[in-house]
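Here this note's numbering is used: the first residue of the sequence shown is 15, the next is one more, and so on. We put the beta carbon where it would ideally sit given N, CA and C, even for glycine. Bear in mind that the values here come from a model prediction, so they are computed numbers and not experimental data. The structure appears below as structure tokens.
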Amino acid sequence: MGTSLLPRCCCRNQTIRQILKTDAKMVTIRWVILLALLSAFGTIYLAIAFDFQVTYDVKSVPSSVQPDYMKEEVSFDPVTQLDFTETGERLLAANGPRKLFLFAYMHGGSTLLFKLFDQDPRTFAWYETLGPLYGHMYGLPGYRLHTWIIANTSKEHEHHYFPREVTDYEITRINQLFKDMFSCNFESLPTEVFTDAFIGFSEAFRDYFHCYLQTKTKPKDVTWNRHCVDSTINPYCGYETPKQDQPKPFVVDAQKNSCPEYLEKARVLLANRTQANITKILEESYFKRKMQAFLDNEICLQNLYESAKHCMLRCSLLERCQKAEIQVTKILRLKLPFMEPVIRAIPDMQIIYYTRDPRAIAASRLGVNGPNIPLKFVSVVTKLCEEMQSDVAAMEEFEERYPNIFLRLRYEDLVEQPDESVKLLFGHIAMDPTRVAYEWIHDSLHGDSNKGVQRTNGTYIVNKWKSKYDKVDIDTASGDVKCRDVLQKFGYV
Numbered sequence: 015m016g017t018s019l020l021p022r023c024c025c026r027n028q029t030i031r032q033i034l035k036t037d038a039k040m041v042t043i044r045w046v047i048l049l050a051l052l053s054a055f056g057t058i059y060l061a062i063a064f065d066f067q068v069t070y071d072v073k074s075v076p077s078s079v080q081p082d083y084m085k086e087e088v089s090f091d092p093v094t095q096l097d098f099t100e101t102g103e104r105l106l107a108a109n110g111p112r113k114l115f116l117f118a119y120m121h122g123g124s125t126l127l128f129k130l131f132d133q134d135p136r137t138f139a140w141y142e143t144l145g146p147l148y149g150h151m152y153g154l155p156g157y158r159l160h161t162w163i164i165a166n167t168s169k170e171h172e173h174h175y176f177p178r179e180v181t182d183y184e185i186t187r188i189n190q191l192f193k194d195m196f197s198c199n200f201e202s203l204p205t206e207v208f209t210d211a212f213i214g215f216s217e218a219f220r221d222y223f224h225c226y227l228q229t230k231t232k233p234k235d236v237t238w239n240r241h242c243v244d245s246t247i248n249p250y251c252g253y254e255t256p257k258q259d260q261p262k263p264f265v266v267d268a269q270k271n272s273c274p275e276y277l278e279k280a281r282v283l284l285a286n287r288t289q290a291n292i293t294k295i296l297e298e299s300y301f302k303r304k305m306q307a308f309l310d311n312e313i314c315l316q317n318l319y320e321s322a323k324h325c326m327l328r329c330s331l332l333e334r335c336q337k338a339e340i341q342v343t344k345i346l347r348l349k350l351p352f353m354e355p356v357i358r359a360i361p362d363m364q365i366i367y368y369t370r371d372p373r374a375i376a377a378s379r380l381g382v383n384g385p386n387i388p389l390k391f392v393s394v395v396t397k398l399c400e401e402m403q404s405d406v407a408a409m410e411e412f413e414e415r416y417p418n419i420f421l422r423l424r425y426e427d428l429v430e431q432p433d434e435s436v437k438l439l440f441g442h443i444a445m446d447p448t449r450v451a452y453e454w455i456h457d458s459l460h461g462d463s464n465k466g467v468q469r470t471n472g473t474y475i476v477n478k479w480k481s482k483y484d485k486v487d488i489d490t491a492s493g494d495v496k497c498r499d500v501l502q503k504f505g506y507v
């Protein structure tokens with residue numbers, strides 16, 4: 015009997031020990047899980063705290079280094095229409111440079127219009143500077159389509175034109191951009207304006223851009239600022255070449271990621287640059303990698319700007335700008351409903367509203383030589399008509415409020431009636447066109463190639479889109495209520 019109880023006791027003791035070991039393991043696992051959860055919550059808390067710290071630090075920097083948008087609120091000047099008109103007339107009579115804004119649509123023949131003014135030796139022309147401004151404000155990379163800037167990203171507006179609400183920050187900076195361009199205030203313009211590839215499209219910047227290409231840092235595509243963005247802030251503020259399954263670099267996404275605050279923080283730090291200051295802020299910050307990325311981006315841009323400044327001096331760019339009799343800018347990435355603050359801020363600025371048949375624009379965007387997809391064509395035309403209707407409505411309001419500022423011109427008229435159109439365009443800014451202007455437009459419309467703005471038969475290009483789609487598809491697109499309104503207002507039906 016005694017011998018039979020001993021194994022049972024041993025077994026019982028072993029079982030108890032195993033249970034205790036299992037319990038101990040479970041307790042250990044629970045502690046590990048608890049510590050992991052605490053660590054995760056701590057990370058989230060520190061992330062939020064650091065984002066707040068960045069925002070707070072930027073808002074509380076000395077006023078001497080604060081950006082304009084932190085000091086100003088947008089408001090309309092309490093001036094009457096008469097005051098505005100008198101101010102504009104007085105400025106025009108002062109023999110200052112004529113200021114001209116070319117408003118147009120992508121694939122609407124706008125480069126032909128731009129080059130007409132650009133080839134004039136009296137002109138200093140700025141090409142698509144809003145994209146670089148949005149790179150400066152939000153870290154948007156590369157080409158910066160206008161849809162990335164103005165688009166409302168909610169799903170309900172996916173198939174319709176419904177722009178987002180533009181912030182006071184943006185309006186203030188856009189205002190300042192126009193003022194600085196037209197007054198040749200190079201020092202106040204964003205660095206990205208002078209390091210962006212688009213600047214090379216302007217004849218006024220030709221020598222400068224050639225110099226810049228020779229002296230800039232490598233790699234080649236650094237002229238787009240891609241090197242700076244890709245190697246640093248791209249994961250936070252957008253993607254360089256977005257695919258269908260990746261988010262595009264919309265302004266709203268950059269806002270959510272606090273890109274403006276981080277960009278400004280980097281500029282403030284480097285404006286008062288000591289390595290000790292930079293090291294200190296990084297040591298105190300939980301997200302060192304993120305802050306370091308924005309610092310690297312700013313340092314990269316500053317290095318590019320050193321090359322830019324060298325070439326500005328070498329090519330006497332500022333002097334050329336200051337001597338110009340015509341200051342002109344073409345911007346496709348700005349919509350007319352947002353333009354009133356700029357109009358009020360620059361009362362001597364003239365605007366050319368340059369349009370093209372929306373059906374032709376849609377065909378060009380889809381590729382005249384590409385596949386024929388009727389449903390896609392109808393969709394693009396309809397959405398474009400909504401966009402154009404919004405712009406036309408704003409223009410009609412502004413024409414009543416600010417007389418003699420707008421001139422409407424169709425691409426088709428410039429191509430089919432070039433002499434009359436050239437006279438009308440220069441007459442709008444109270445200037446006489448040169449003989450070279452007439453020769454240039456005729457050479458462009460009846461040249462020996464189809465490269466750039468040159469065409470062997472400009473009139474044929476105007477109507478080429480009509481042979482791409484069946485009449486029933488064109489009629490379907492034209493039958494949309496908003497399209498009918500736009501087509502009738504501009505004489506396309």
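Distance check for residue j and residue i, CA to CA, integer angstroms please.
i: M363; j: I419; result: 7 Å
i: P146; j: V207; result: 5 Å
i: L284; j: P155; result: 21 Å
i: D446; j: L438; result: 10 Å
i: T369; j: Q403; result: 12 Å
i: L106; j: Y474; result: 39 Å
i: P388; j: S492; result: 13 Å
i: L60; j: S272; result: A caution first: L60 carries a pLDDT of 43, below 50, which makes its placement in the model unreliable, though a value can still be read off. Roughly 15 Å between the two C-alpha positions.
i: R136; j: F412; result: 29 Å
i: V495; j: A376; result: 17 Å
i: L501; j: V265; result: 31 Å
i: G441; j: C242; result: 43 Å
i: P204; j: H150; result: 6 Å
i: G515; j: G110; result: Residue 515 lies beyond the range of the chain shown here (15 to 507); nothing can be said about it.
i: L398; j: I340; result: 31 Å
i: V436; j: R303; result: 55 Å
i: T99; j: P361; result: 7 Å
i: C335; j: T209; result: 17 Å
i: T229; j: K480; result: 47 Å
i: W140; j: G122; result: 18 Å
i: L126; j: K390; result: 27 Å
i: Y425; j: E434; result: 13 Å
i: T198; j: G381; result: Looking at the sequence shown, residue 198 is not Thr but Cys. For C198 and G381, the distance between alpha carbons rounds to 38 Å.
i: D132; j: F215; result: 9 Å
i: E320; j: D310; result: 15 Å
i: K482; j: D489; result: 13 Å
i: R328; j: L191; result: 24 Å
i: I185; j: R449; result: 39 Å
i: A396; j: F504; result: Per the sequence presented here, residue 396 reads as Thr, with Ala not at that position. Going from the Cα of T396 to the Cα of F504 covers about 16 Å.
i: E217; j: T143; result: 15 Å
i: A408; j: R422; result: 13 Å
i: R187; j: H324; result: 26 Å
i: F219; j: L331; result: 8 Å
i: D194; j: N317; result: 22 Å
i: R178; j: F212; result: 25 Å
i: Y276; j: M305; result: 7 Å
i: T255; j: I365; result: The pLDDT assigned to T255 is 46, lower than 50, so where the model puts this residue is not dependable; a value taken from the coordinates is nonetheless given after this. Each residue's alpha carbon lies about 33 Å from the other.
Bridge partners of residue i, per DSSP?
i: T137; result: I340
i: M363; result: K113
i: R424; result: T369
Does the distance from the CB of residue i to the CB of residue j come in under 8 Å?
i: L130; j: A451; result: yes
i: V392; j: R379; result: no
i: K270; j: F196; result: no
i: F200; j: M326; result: yes
i: Y152; j: A268; result: yes
i: H456; j: P417; result: no
i: D371; j: Y506; result: yes
i: T246; j: A307; result: yes
i: E312; j: A359; result: no
i: P351; j: N189; result: no
i: V486; j: L459; result: no
i: Y148; j: I163; result: yes
I'd like to know whether the C-beta of residue i is nearer than 8 Å to at least one C-beta of chain C.
i: F264; result: This model lacks chain C altogether; it includes just one protein chain.
Practice task
Taking 8 Å as the threshold, find out whether the segment 108–125 comes into contact with the segment 344–352 through three or more Cβ pairs.
Solution key: yes
Practice task
Please go through the segment 183–222 and give each complete alpha helix (DSSP H) segment of 4 or more residues, from N-terminal end onward.
Solution key: 205–209
Practice task
Would you list, in sequence order, the uninterrupted alpha helix (DSSP H) runs of no fewer than 4 residues that lie entirely inside the segment 371–412?
Solution key: With a minimum length of 4 residues, the continuous alpha helix (DSSP H) runs that stay inside the segment 371–412 are 372–380.
Practice task
At 4 residues or longer, and completely inside the segment 430–500: list those alpha helix (DSSP H) runs for me, N to C.
Solution key: 432–442, 449–459, 472–477, 485–492
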